[in-house]
Amino acid sequence: MRALLATNAELVITIVKIALLLFIVLTVNAYLTWFERKVVAHIQSRWGPHRVGPHGLLQPLADGLKFFFKEDPTPAGVDKFVYYLAPLLALALALTSIAIIPFGPAPIHLFGHDIYLGIAPLDLNIGILALFAITALGVYGVALAGWSSNSKYPLLGGLRSSAQMISYELALTMSVVGVLLMAGSFNLRDIINAQARHPERGIFGWNLWPQILGFLCFFTAAVAETNRVPFDLPEAESELVAGFHTEYASFKFAMFFIAEYTSMITVSCLCTIMFFGGWLSPFPASWTLTHYLPSVILIPFGLWVIFDGFRYETAFGRIVLPGLGFVIAAMGFALIVLPHQYNEFIQAPFWFLSKVLVFLFIYVWMRGTLPRFRYDQLMAFGWKLLLPVSIVNVILTSFVILAKMQWGHQ
Amino acid sequence: MTAPLIVFFVLAALAVIGAISLILQKHPIHSALSLIVVMVALAGLYLLMGAEFVAAVQIIVYGGAIMVLFVFVIMLLNAGVEEHTSLSKMAGPPGLLLVLALAAFVAATIAKSGASVQTAAQTGALSSTRGISEMVFKDFVYPFELTSFLILVAILGAVVLAQREKS
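If you read the sequences in order, they're chains A and B. For reference, each letter of the first sequence is one residue, going 0 to 409 in numbering that gives the first Met the number 0. For reference, each letter of the second sequence is one residue, going 0 to 166 in numbering that gives the first Met the number 0.
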């Protein structure tokens, strides 16, 4: 057994990493639905879920149970094979795309192995292309679900979704070309490291500023690719009942749901990596005091969770919430008390996750504020605005890079 | 048997089965799905040979864009189940001849370039993105630009055909 472990250490580490990441992503997914409902509710001056557990924190659990125990009817006349394949395809591809994201630069030393954050190998030189390849296949989940349901509304949803994907994928890929030119690599780690060339500039060294056009195009196209408001025409509930997943119930519906939220996370990670410096701190490298920011945020938050938990008379409020708050606060204290290298290590994942959270908030914010596009507006917007702007961005970036090479002052 | 060889046989079997199923399926969507399987299996084979870029582009362009368009058109036209017809007498013998000729050609090519096929995987330089872009934009820039021009003409033709007639 020991020998087997020793020879296949890499394999074992990867499997453990996959299991861990799956667990984290699915949990984050569940709480993303809670987050979305809460934020949209507050935008609309409501309370959102607040009955199941304190602040409705157990709502995702209740929803999950409901998905499991609901009846799962298969409509008459469906194409059985494709009908069952579609949700599997959607979920599997959405979860695969997360595997390519790197979450931190430095490895953890554990049992004599360097364990990097992120599943893909360090030298995955087609990083961004691999991600695009997976999202390109992702559309089949939606399109085939719509087709196989043998029903009018899902078919319309599936049609809309495939047309939308073809239109916005062009703009999506063109808009990152500028970033790739600046980094000179497809590797996601290289793209982040290229933004660290000027550590004294902090936030102003990120790709966001020279690539502001690219970022706007990318984020818009990416929202369209994930079928989210204001581009959620494939499931427009006011016209198409529920669009492509009208005929799906129970856990098959949940699979589409999880796939959608997972691709939201992937897109947020990708925005962070391509334009917002990935795991880089927004402060100049010389501001070492900002390294205590994780503690400054974690300790008060943990203390507030403890305090808040005691206001409830249920077991969850009295025990689980204070326990959670204690763990959070203790983590904050530990980062100050423990040797410096722990605090150094936590910086990268801390900033990465913070930025991803900001993007997830923007997603929800848009859902709470923006109305849906009309179909012809959607097409005109994609082809007549996003695509030309992203092509102009590519040309501008190439000219600037060429000029710098010619009369280089760098 | 080494791991890459096993992966090769699995992918190759997938590609062949997909191709056969593409012909035998009765419903156009099932045929399109089989074709997607072939495309993805081919991408896997490219990856196995160390051609990362080609593999990714294979999936993005063929597996993604083009096949989505196929599926879209089939869904839009709502094409139904088709019936297998008995083979026409004209198609039989010439088809068989063509199959034999193609098989002979492939076999001859493999036999002739046995050495180069085995070393192709190890060079690696050509398969990198930089190598490919230097080939496309330096060595083969004229064929490349001519192809783009051809595609542009096709796009213009499509636009002209799709235009509403002026009243």
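Using N, Cα and C, we set each Cβ at its ideal position, and we do this for glycine too. Note that the coordinates shown come from a computational prediction; the quantities given were computed from them, not determined experimentally.
At a cut-off of 4 residues, the continuous stretches assigned as alpha helix (DSSP H) that sit fully inside the stretch 39 to 106 of chain A are 58 to 68 and 79 to 97. Taking the CA atoms as reference points, residue 325 of chain A sits about 26 Å from residue 102 of chain A. As a beta-bridge residue in DSSP terms, residue 113 of chain A pairs with A/108. In the three-state reduction of the DSSP assignment, residue 120 of chain A falls in the coil class. Judged by DSSP secondary structure, residue 160 of chain A falls within the alpha helix (DSSP H) whose first and last residues are 151 to 182. The alpha carbon of residue 98 of chain A has as its nearest neighbour, out of A/120, A/108 and A/106, the alpha carbon of A/120.
Chain A places a beta carbon closer than 8 Å to that of residue 63 of chain B, counting this residue as a contact. Listed along chain B is no residue with a C-beta nearer than 9 Å to that of residue 174 of chain A; the closest approach is about 15 Å. A direct Cα-Cα distance of roughly 36 Å separates residue 16 of chain B from residue 148 of chain B.
Taken in chain order, the members of the stretch 126 to 138 of chain A whose beta-carbon sits within less than 7 Å of a beta-carbon on chain B are 128, 129, 131, 132, 135, 136 and 138. Selection A/94, A/145 and A/109 evaluated against residue 82 of chain A yields A/145 as nearest (Cα-Cα). CA-CA distance, residue 100 of chain B to residue 140 of chain B, rounds to 33 Å. DSSP, reduced to helix, strand and coil, places residue 311 of chain A outside both helices and strands of the structure shown, so it counts as coil.
Of all residues in the stretch 271 to 286 of chain A, none is placed with a Cβ closer than 8 Å to any Cβ belonging to chain B. In this structure, residue 298 of chain A sits near residue 331 of chain A, with a CB-CB distance shorter than 8 Å. In the three-state DSSP reduction, residue 208 of chain A falls in the coil class, being neither helix nor strand.
The DSSP-derived three-state label of residue 290 of chain A is helix. About 6 Å separates the beta carbon of residue 327 of chain A from that of residue 300 of chain A, a gap short enough to meet the 8 Å contact definition. Chain order gives the chain A residues near residue 74 of chain B as 142, 145, 146, 154, 157, 158 and 161, where near means a beta carbon separation below 8 Å. Here residue 42 of chain B really is in contact with residue 54 of chain B; their C-beta atoms are around 4 Å apart, less than 8 Å.
For residue 296 of chain A and residue 220 of chain A, the gap between their C-alpha atoms comes out near 33 Å. In chain order, 124 and 125 make up the part of chain A whose C-beta sits under 7 Å from the C-beta of residue 51 of chain B. Taking C-alpha positions only, residue 57 of chain B is separated from residue 9 of chain A by approximately 29 Å. Approximately 5 Å separates the beta-carbon atoms of residue 278 of chain A and residue 350 of chain A; this is inside 8 Å, confirming the contact.
Put simply, the backbone Cα of residue 95 of chain B is about 15 Å away from that of residue 105 of chain B.
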